[in-house]
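Our numbering numbers the first residue of the sequence shown as 1 and each following residue consecutively.
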Amino acid sequence: MITMLKHDVEGILEKADYNYSEYRGCFDIIAKRSEILLLKVLENVDSLQKEQAANMKTLACSLFASPAVVGLHTRKENLYDDIVYDRFDIPTFTPKTLENILVRDNWPLIYRFKGGLFAEVDSEKLREGRKQLGLSQSQLAKKVKITKKSVYEHEKKKMLLHLDTAKRLERLIGKITSPMSFWKTEFPEEKNSPLTRFERDISQDLQRMGFDTDLVHQAPFNIIAKTQKFLVFSDAEENPRQIEKNEDYLIKFSEIVEKPVLVITKKKVDIELPVVDEREIKSMTKRDIIRAVKGW
1 MITMLKHDVE
11 GILEKADYNY
21 SEYRGCFDII
31 AKRSEILLLK
41 VLENVDSLQK
51 EQAANMKTLA
61 CSLFASPAVV
71 GLHTRKENLY
81 DDIVYDRFDI
91 PTFTPKTLEN
101 ILVRDNWPLI
111 YRFKGGLFAE
121 VDSEKLREGR
131 KQLGLSQSQL
141 AKKVKITKKS
151 VYEHEKKKML
161 LHLDTAKRLE
171 RLIGKITSPM
181 SFWKTEFPEE
191 KNSPLTRFER
201 DISQDLQRMG
211 FDTDLVHQAP
221 FNIIAKTQKF
231 LVFSDAEENP
241 RQIEKNEDYL
251 IKFSEIVEKP
261 VLVITKKKVD
271 IELPVVDERE
281 IKSMTKRDII
291 RAVKGW
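Rendered as C-alpha cells:
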C-alpha cells in the first residue's frame with residue numbers, strides 16, 4: 001500500500017513538472033521545480049517519528065527546502081482533503097491536497113491543530129468590512145460572540161481564527177479568510193550528536209577549516225558543511241559497502257539540489273563522487289575542499 005501511495009505522490013510531482021528522487025530515511029522523496037520539497041510519505045501520519053521530523057527540519061533549513069508529510073489517516077481517523085494538519089511542526093496533508101496545491105495552485109483554507117479547525121483571516125479585509133458596516137470593534141465582537149481584544153488582534157495582523165468564528169464573521173462581513181502559504185524553510189535549531197567517533201572527527205576537521213557543520217541522520221549523507229556562500233553535503237562513512245550503496249542516492253540528490261557532495265572515508269574507494277580519506281582531510285583547507293568538489 002505504501003508503494004502505491006508513493007507512486008501516486010510521484011505521479012503528482014511529474015504532473016507538476018518536478019524533478020525528484022527517492023530515498024528511504026528521514027524523507028522519502030526530494031523534489032525540485034523552482035523550490036525544493038522534502039516529502040515523507042506515510043499511510044498513517046502518526047507513525048512519523050520525532051527524530052525523522054527533526055532531521056527533515058535540519059536538512060530543510062540548510063537547503064531552504066519545505067518539508068511536508070503526505071498521508072491518508074491518523075491512528076483514529078482519515079485525513080480530509082484540503083485541510084492542513086500538523087505533525088511535529090511539519091505541514092501534513094493528503095495526496096489530493098498536494099495535487100491541488102502543486103498542479104492547480106489551489107491552497108487549503110482550513111488548518112487542523114490541537115484545539116480544532118482554524119482559518120487564516122485577512123486582517124485588512126476584516127478591518128475594511130467592519131468599517132463598511134459602521135461597526136466598532138466592540139460591536140462586531142458582540143455580534144459574533146468573541147472578545148474585542150480578539151477583533152483588535154486579528155485586524156492588526158494575519159492570524160489563525162477558529163473556523164466557526166471565521167464563518168460567523170464571513171456571514172456578517174463577507175469573504176475574509178485567505179489561503180496561507182504554509183511551506184516552511186526555517187525552524188528552531190535542533191543539533192544532532194555524532195553517531196560515531198569517525199563522524200565526530202570529520203565534523204571537527206571541517207569546523208577547523210572554517211565550515212559550520214550540522215549533523216543529519218537517516219539521510220544519504222551525515223554532515224552538512226557550509227559557509228556564507230558555499231554548501232557541501234558530506235558522507236563521512238567507514239564502511240565501503242555502505243558508500244557504494246549510497247552512491248546513486250548521493251548523485252541524484254546532488255543533481256536535484258544542485259549542490260556538491262563529498263565522500264570522506266577511512267580508505268579510498270572507487271566511485272563517481274569526489275572522495276578524500278581521513279588522512280588527506282587532516283591537511284586540507286577550506287579552499288581545498290571547495291576545489292575538490294567544484295570540479296565534479
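Virtual Cβ for every residue (Gly too), placed ideally from N, Cα, C. Every value quoted in this text rests on a predicted model; they were computed, and no experiment measured them.
| query | Leaving out five residues before and five after A236 in sequence, what residues of the same chain have Cβ atoms less than 7 Å from its Cβ? | reply | Translated into positions along the sequence shown, residue 236 becomes position 236. Counting only Cβ-Cβ distances below 7 Å, and skipping sequence neighbours, we find F198, E199, I202, N222, I223 and I264.
Who pairs with S138 in a beta bridge, going by DSSP?
On the sequence shown, residue 138 is found 138 positions in, with the first residue counted as 1. S138 pairs with nothing; no bridge assigned.
- Kindly list the residues whose CB is nearer than 6 Å to the CB of Y111, restricted to its own chain and excluding five residues on each side of it in sequence; keep chain order. The residue you call residue 111 lines up with position 111 of the sequence shown. Counting only Cβ-Cβ distances below 6 Å, and skipping sequence neighbours, we find V84 and F118.
**Asked** How about L262 and V216: are their beta carbons less than 7 Å apart?
**Response** Position 262 of the sequence shown, counted from the start, is the residue given in the question as residue 262. Position 216 of the sequence shown, counted from the start, is the residue given in the question as residue 216. No, these two residues do not count as a Cβ contact at 7 Å.
key: Whole-number beta carbon distance between S193 and K156, since they are thought to touch under 8 Å   = Mapped onto the sequence shown, residue 156 falls at position 156. Mapped onto the sequence shown, residue 193 falls at position 193. Between S193 and K156 the Cβ distance is about 42 Å, and since that is not below 8 Å, they are no contact.
Subject >> Spatial distance of E284 from D214 (CA atoms) >> reply: Counting from 1 along the sequence shown, the entry for residue 284 is found at position 284. Counting from 1 along the sequence shown, the entry for residue 214 is found at position 214. For the sequence presented, residue 284 should be read as Met rather than Glu. Going from the Cα of M284 to the Cα of D214 covers about 19 Å.
Measuring alpha carbon to alpha carbon, tell me which of F93, R291, T185 and V9 ends up nearest I36. Here residue 36 corresponds to residue number 36 of the sequence shown, with the count starting at 1. Ranking F93, R291, T185 and V9 by Cα distance to I36 puts T185 first.
Output the residue ranges of the alpha helix (DSSP H) runs that lie fully inside the segment 212-268 and measure 4 residues or longer, sorted by chain position. 240-257
* Between the segment 203-212 and the segment 170-182, do at least 3 Cβ pairs fall closer than 8 Å? -> no
**Asked** Taking DSSP as the reference, what is the three-state secondary structure of D17?
**Response** In the sequence shown, counting from the first residue as 1, residue 17 sits at position 17. D17: coil per DSSP, three-state reduction.
Note to self: If I measure Cβ to Cβ from F93 and keep anything under 6 Å in the same chain, skipping five residues before and after, which residues do I get?
What the structure shows: Residue mapping note: residue 93 aligns to position 93 of the sequence shown, counting from 1. These residues qualify, in order along the chain: V84.
Q | Neighbourhood of K191 by C-beta, 7 Å cutoff - its chain only, sequence neighbours within 5 removed | A | Here residue 191 is taken as the residue at index 191 of the sequence shown, counted from 1. Taken in chain order, the list of residues that qualify is empty.
Discussion item. Once the 5 residues before and after Y18 are set aside, which same chain residues still bring their CB inside 8 Å of it?
Written reply: Taking the sequence shown and counting its residues from 1, one reaches residue 18 at position 18. Closer than 8 Å at Cβ, skipping near neighbours: A31, K32, R33, L37 and L102.
So R104 is in the alpha helix (DSSP H); what residue range does that whole segment cover? Within the sequence shown, residue 104 is the residue found at index 104, counting from 1. Here R104 belongs to no alpha helix (DSSP H), and DSSP marks it neither H nor E.
Other residues of its chain near G210: CB distance less than 6 Å, five sequence neighbours each side excluded: Indexing the sequence shown from 1 puts residue 210 at position 210. If we look at G210 and ignore the five residues flanking it on each side, its Cβ neighbours are K286.
Exercise for review: With distances taken Cα to Cα, identify the nearest neighbour of K50 among F253, F27, S66 and L63.
Suggested key: Position 50 of the sequence shown, counted from the first residue, corresponds to residue 50. Nearest C-alpha to K50: F27.
Mapping DSSP to helix, strand and coil, what is E155?
The residue given as residue 155 occupies position 155 in the sequence shown. Here E155 sits in helix by DSSP.
Report task. Apply the 10 Å Cβ neighbour rule to T196 and answer buried if 16 or more other Cβ atoms are within range, or exposed otherwise. Result -> As a first step, residue 196 is located in the sequence shown; it is residue number 196 there, counting from the start. Flag for T196 reads exposed.
- Task: Could you work out which residue in E99, V121 and P95 is closest to A16 when comparing CA atoms only?
- Result: To locate residue 16, count along the sequence shown from 1; it is residue 16. Minimum Cα distance to A16 is reached at E99.
*So, is Y152 buried or exposed, given that buried needs 16 or more other C-beta atoms within 10 angstroms?*
The sequence position of residue 152 within the sequence shown is 152, counting from 1. It counts as exposed.
- request: Just confirm the distance between the C-beta atoms of L231 and K259, as a whole number of angstroms; I'd bet it's less than 8 Å.
  value: What you label residue 231 is simply residue 231 of the sequence shown in a count that begins at 1. What you label residue 259 is simply residue 259 of the sequence shown in a count that begins at 1. Yes, L231 and K259 are in contact; Cβ-Cβ is about 5 Å, under 8 Å.
What are the boundary residues of the beta strand (DSSP E) that N44 is part of? Numbered from its first residue, the sequence shown carries residue 44 at position 44. Run containing N44: I36 to N44, per the beta strand (DSSP E) assignment.
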